[in-house]
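Numbering (the working numbering), first residue to last: 2 to 321.
Below is the structure:
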């Protein structure tokens, strides 16, 4: 499979018990000047679910599903929580790994979805003597495996609606909002984050079939109120949508983050209930067989061209 001797699954990371939550959040926002009040608010979201994010379990499930399909050892490293990238790269070096492919659990172009992963891999490599070379696999928002997985899960969600609503339900695709300044510089020519998400939504809608209407909206904004972020927010959109029923499709995620289970399954669901709007959520790609097989297919592709150092630049940080 290419010229690699290991696969490194790279993810965001998440807490696994109540005592992990605040240290994890402090890792995530370090240097961003996020007010303590906001951290306490988000901490409460995690504690509502027992202090554990579903993301680590879903990473373990994905790795268990991928291992039998490829002829490479599989490692796992996170940006923000155990197992940290640096620790994983140290183990890989000890095991004699010299060149690894990195599969990142983010499918799109932007600073937070791509460049930050590249930078964190570089920092981890610099801290480990004899660290292997790591080649990040390409963005896969339009890969048939990802599209098929999300289309299947969207059809499953439609089937959970009353029969008389299924043909008229509107698909509402959601992704993590980012500052508009970051969106403007995403990808080599700018605007790639929004464009790639729209393309993924188009492809999934076409595969679901039925000539359905769809929207792309945003969720999980966390920035200061005076800084513009991508809009509309999913809850605001639900209050205004003209549809007999809605299927939320978290196209911006490949596994459940706390943003999915809280912002969609709690906040968006409560908004829809208040206005009497029938609503269901499609699951993320997870361990769908086509998504799992996609990983091996990416490994077999020609080696991707590395991003230019100027691509998806880091946003300016607030002091504090």
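Even for Gly, the Cβ is constructed at its ideal location relative to N, Cα and C. These numbers come from a predicted model, not from an experiment.
Buried/exposed call for residue i, threshold 16 Cβ in 10 Å
i           : result
residue 140 : buried
residue 4   : exposed
residue 13  : buried
residue 15  : buried
residue 181 : exposed
residue 321 : Residue confidence for residue 321 is low, a pLDDT of 38 falling below 50, so the modelled location carries little weight; the figure read from the coordinates is stated next. Per the 10 Å Cβ criterion, exposed.
residue 155 : buried
residue 98  : buried
residue 160 : exposed
residue 260 : buried
residue 105 : buried
residue 34  : exposed
residue 124 : exposed
residue 192 : exposed
residue 243 : exposed
Nearest-angstrom Cα separation, counted from residue j out to residue i
i           : j           : result
residue 46  : residue 21  : 13 Å
residue 236 : residue 215 : 16 Å
residue 1   : residue 228 : Past the edges of the chain, shown from 2 to 321, lies residue 1, and the structure says nothing about it.
residue 152 : residue 205 : 5 Å
residue 245 : residue 238 : 14 Å
residue 7   : residue 309 : 24 Å
residue 287 : residue 95  : 30 Å
residue 133 : residue 169 : 52 Å
residue 86  : residue 316 : 23 Å
residue 41  : residue 220 : 19 Å
residue 57  : residue 17  : 8 Å
residue 111 : residue 188 : 6 Å
residue 31  : residue 43  : 15 Å
residue 23  : residue 49  : 14 Å
residue 143 : residue 52  : 34 Å
residue 72  : residue 211 : 39 Å
Endpoints, alpha helix (DSSP H) assigned at residue i
i           : result
residue 323 : A query on residue 323 cannot be resolved here, the shown segment of the chain reaching from 2 to 321 and no further.
residue 76  : It is not in any alpha helix (DSSP H) - residue 76 instead sits in the beta strand (DSSP E) that spans 75-79.
residue 206 : 193-209
residue 158 : 145-160
Residues near residue i by beta carbon distance below 8 Å, same chain, minus five either side
i           : result
residue 70  : 293, 294, 296 and 297
residue 208 : 148, 149 and 152
residue 202 : 172, 174, 215, 217, 250 and 252
residue 240 : 272 and 276
residue 234 : 178, 218, 219, 220 and 222
residue 266 : 282
Contact set for residue i: own chain, Cβ-Cβ below 7 Å, skip 5 residues either direction
i           : result
residue 158 : 248, 281, 282 and 283
residue 135 : 9, 101, 103, 122 and 126
Cβ neighbours of residue i in the same chain (closer than 6 Å, five flanking residues each side left out)
i           : result
residue 28  : 81
residue 312 : 189
residue 63  : 288
Integer-rounded CB distance, given that residue j should sit under 8 Å from residue i
i           : j           : result
residue 109 : residue 198 : 6 Å
residue 194 : residue 114 : 7 Å
C-beta neighbour in chain B for residue i, strict 8 Å
i          : result
residue 99 : The structure shown contains no chain B; it is built from a single protein chain.
Terminal residues of the beta strand (DSSP E) in which residue i lies
i           : result
residue 104 : 100-105
residue 272 : Per DSSP, residue 272 belongs to no beta strand (DSSP E); it is in the alpha helix (DSSP H), 270-275.
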